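Undergrad: Just passing along the structure, written as structure tokens.
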Amino acid sequence: MKHSTFEQKQLSYLQEFIKKTDPDLGDVPNEAGPLRQLARKHYNRLCTPVRFIVAGEFSAGKSTLTNLLVGKNLIPTSVLASDFPPLLFRYGTATQIAAGWWDQKKLMQVNDVDFGAAVKMEPDFILVTTPNPFLKDINIFDCPGTSDPLSDDKKMQHLVKSSEATIWCTNAVQAWRESERYTWSSLPAINRKNSILVVTHTDLPAVKRGIDRVMARVQKEAGEFFRSIVPVAAPKASKAAPDGIVQDKEAWAEHGGQAIFTAIREISDPIREKKLADATAIIESQLAPFFETLKQRDSADEVGDNSKAVPENSGKGKNLSGVDHRSDSASKASNQPLELKAGGAKAQTEVPEPSLLAEWNNKTQDLIAAIEKSDDSDVSKLIQSSCNIVMEMTDTLTLIDPQTPEIEWVTTQFQEALDQLFLMQLETGDEPLETTTLLLLQLSRDMEQATTQTNISRVS
Ligand SMILES: Nc1nc2c(ncn2[C@@H]2O[C@H](COP(=O)(O)OP(=O)(O)O)[C@@H](O)[C@H]2O)c(=O)[nH]1
Ligand SMILES: [Mg+2]
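Every number in the working numbering is 12 more than the matching position in the sequence shown, counting from 1.
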């Protein structure tokens, strides 16, 4: 995710706060706990891509538009009703797909990006990762076609609810039908201000001739529901930008390529600015004053106690295999006045620690086993426990030195999952434990991918 300088500064501040209030590193005052959690929440919100859902009726051009957005013809498109489940697009270092089930709580890697093979497995959704930088800022959910309107509407409502912004596709041939208006009005109101209506198929000759009339009617009938209405001919726009790189500027503009990306930024930028403003307000009103007291306390301690030692190894500075990687500069930095005391540090040991992947897998297996055995009364406790293990691992990953692109990427996946888990604590949605399990499994897969790609051997 590309951050502005100010955003970067606030992120560094939050990161520093999280680091300096780590109870493992010293006798942190009690009130640091909730503030640390707050800092972490805002850190994750700032790092998480904005979640967009692409919705609309069957064959409206949703998948074709998604292909345009991810810069690759990844999803097969069809005029026939597709039996595809929802597709979730996230940034990944390689193009890969995995089949997932909400109720069976598992994700299965599918070789060769073979969607046909994935669909045959009858999953509830397919996760697609691809190395398009756009996906560092934005995640996309491509909704299924409506073959069973009732159940699909329910699924769509759930997906819309868990998204921050919506792109509704309507076919220009019969733009904004009564049935679309009906479905739209049943969606959660919160997303309407962050919504785009994309009028597709604008390149068809019959549409082209009357496009002004179509756009004027759609504006009149649907204008109040959307922030912007954008005419797009996705196949033509894609052709103008092979592999997501604009080659033919004129055609790119003519077929709506430029306009749809601008419309998306007009929604995602304010969402990010709001997150930044929220984080800044929290830093100024709560974190900075606390940090100041901590600093004063530490300076006072320094005067009276020169023997303050910093823990040599408290599980930080490890790489993905768990091997200690703390640089000299990191150790030196820990002698700065703000560093906390060695109170909770673990003793250094000669025995190599288990790999972070194994550590993570152990924790998730225990938790998933607990979820499987649980009844409804345990929901919030289990989400909290999941939050805790994801939080711990996020902290460890954040402090790994050096930060390779793979580590940065996997850290972002953890931060994003943490953000979702935080939100789930506030509003649990329809199947909170299924979603929690799924997030944990997804993270296991991400850890595995990052471990393989960094070529780090596991320490047994
Ligand atoms: N000419 C033209 N065809 C389109 C456009 N968008 C989608 N299509 C075609 O419409 C069909 C359905 O598109 P698809 O993206 O699969 O629809 P979905 O069911 O909403 O995902 C496919 O054959 C696409 O190639 C467009 O803007 N112009
Ligand atoms: Mg589709």
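We treat Cβ as the ideally placed atom computed from N, Cα and C, and that holds for glycine. Predicted, not measured: the structure shown is a model, and the values here were computed from it.
#1: Got a sec, what are the start and stop residues for the beta strand (DSSP E) Q377 sits in?
#2: For K307, tell me which candidate among P97, F29, K21 and E192 has the shortest Cα-Cα distance.
#3: State the Cα-Cα distance for the pair S297 and E304, rounded to the nearest angstrom.
#4: How far does the beta strand (DSSP E) with P247 in it extend, from its first residue to its last?
#5: Taking N374 as the reference, give the member of Q396, Y55, V66 and L455 with the closest Cα.
#6: Are there any heavy atoms of ligand 2 lying less than 7 Å away from the beta-carbon of K232, as far as the coordinates show?
#7: Ordered along the chain, which non-local residues of its own chain (more than five positions away) have a Cβ less than 8 Å from that of V172?
#8: For N151, list the residues DSSP reports as bridge partners.
#9: Would you kindly work out how many angstroms separate the C-alpha atoms of A245 and L77, rounded to a whole number?
#10: Which residue wins for smallest C-alpha separation from I295, given the options H54, A252 and K31?
#11: What span of residues does the beta strand (DSSP E) with L100 cover, start to end?
#12: List the residues that DSSP assigns as beta-bridge partners of L119.
#13: For D255 and Q425, what's the separation of their Cα atoms in angstroms?
#14: Per DSSP, which residues does V211 bridge with? Please list them.
#15: Could you give the first and the last residue of the continuous beta strand (DSSP E) run that contains I138?
#16: So what's G513 in DSSP terms, helix, strand or just coil?
#17: Is the beta carbon of E142 sitting closer than 8 Å to the one on L86?
#18: Determine the contact status of R237 and S280, defining contact as a CB-CB distance below 8 Å.
#19: Leaving out five residues before and five after S386 in sequence, what residues of the same chain have Cβ atoms less than 8 Å from its Cβ?
#20: Buried or exposed: where does R189 fall if 16 or more other Cβ atoms within 10 Å of its Cβ makes it buried?
#21: For a test of your reading of the model: does the CB of V391 fall under 7 Å from any non-hydrogen atom of ligand 1? Yes or no.
#22: Let me check understanding here. Comparing Cα to Cα, which of A110, Q49 and W421 lies closest to P61?
#23: Going by alpha carbons, who is nearest to Q22 out of E43, R57, A44 and D39?
#24: Is L50 near T33, with beta carbons less than 8 Å apart?
#25: With a threshold of 7 Å, establish whether the CB of K74 neighbours any heavy atom of ligand 1.
#26: What are the start and end residues of the alpha helix (DSSP H) that includes I30?
#27: Going by the beta-carbon positions, is the gap between V219 and V242 smaller than 8 Å?
#28: Run through the DSSP bridge pairs and tell me what A177 is partnered with.
#29: Indicate the three-state DSSP secondary structure (helix, strand or coil) for M133 in the structure shown.
#30: Does the stretch 132–141 touch the stretch 103–115, meaning 3 or more C-beta pairs lie closer than 8 Å?
#31: Regarding D154 and ligand 2, is the C-beta to nearest heavy atom distance less than 7 Å?
#32: Would you identify the three-state DSSP class for A106, choosing helix, strand or coil?
#33: Could you tell me which of E460, S16, S71 and E278 sits nearest to E192, measuring between CA atoms?
#34: Check each candidate in S174, L299, G268 and I412 and name the one with the smallest Cα separation from H213.
#35: Just tell me which of I383, L216, E285 and R309 has its CA closest to the CA of V40.
#36: Compute the distance between the beta-carbons of L453 and L119, then report whether it is under 8 Å.
TA: Concretely, from the data shown:
#1: No beta strand (DSSP E) contains Q377, which is instead part of the alpha helix (DSSP H) from L368 to K385.
#2: F29
#3: 12 Å
#4: That residue, P247, is in no beta strand (DSSP E); its alpha helix (DSSP H) goes A246 to A252.
#5: L455
#6: no
#7: I65, A67, T178, L199, P200 and N203
#8: R63
#9: 9 Å
#10: H54
#11: Segment L99 to Y103, the beta strand (DSSP E) holding L100.
#12: G112
#13: 24 Å
#14: T182 and P243
#15: F137 to T142
#16: Since the first residue shown for the chain is 13 and the last is 472, residue 513 is missing from the structure and cannot be characterised.
#17: Residue 142 is actually Thr in this sequence, not Glu. Contact flag set, yes.
#18: The residue asked about is misnamed: residue 237 is Phe in this sequence, not Arg. Result no, Cβ atoms of F237 and S280 do not sit closer than 8 Å.
#19: L394 and L445
#20: Per the 10 Å Cβ criterion, exposed.
#21: no
#22: W421
#23: R57
#24: The answer is no: Cβ separation not under 8 Å.
#25: Placement of the Cβ of K74 at a distance of less than 7 Å from at least one heavy atom of ligand 1 is found.
#26: T17 to K32
#27: no
#28: F64
#29: In the structure shown, M133 sits in coil (DSSP, three-state: anything other than H, G, I, E or B).
#30: yes
#31: For ligand 2, at least one heavy atom lies less than 7 Å from the Cβ of D154.
#32: In the structure shown, A106 sits in coil (DSSP, three-state: anything other than H, G, I, E or B).
#33: S71
#34: Of the residues S174, L299, G268 and I412, the one whose Cα lies closest to the Cα of H213 is G268.
#35: Among I383, L216, E285 and R309, the Cα nearest to that of V40 belongs to R309.
#36: yes
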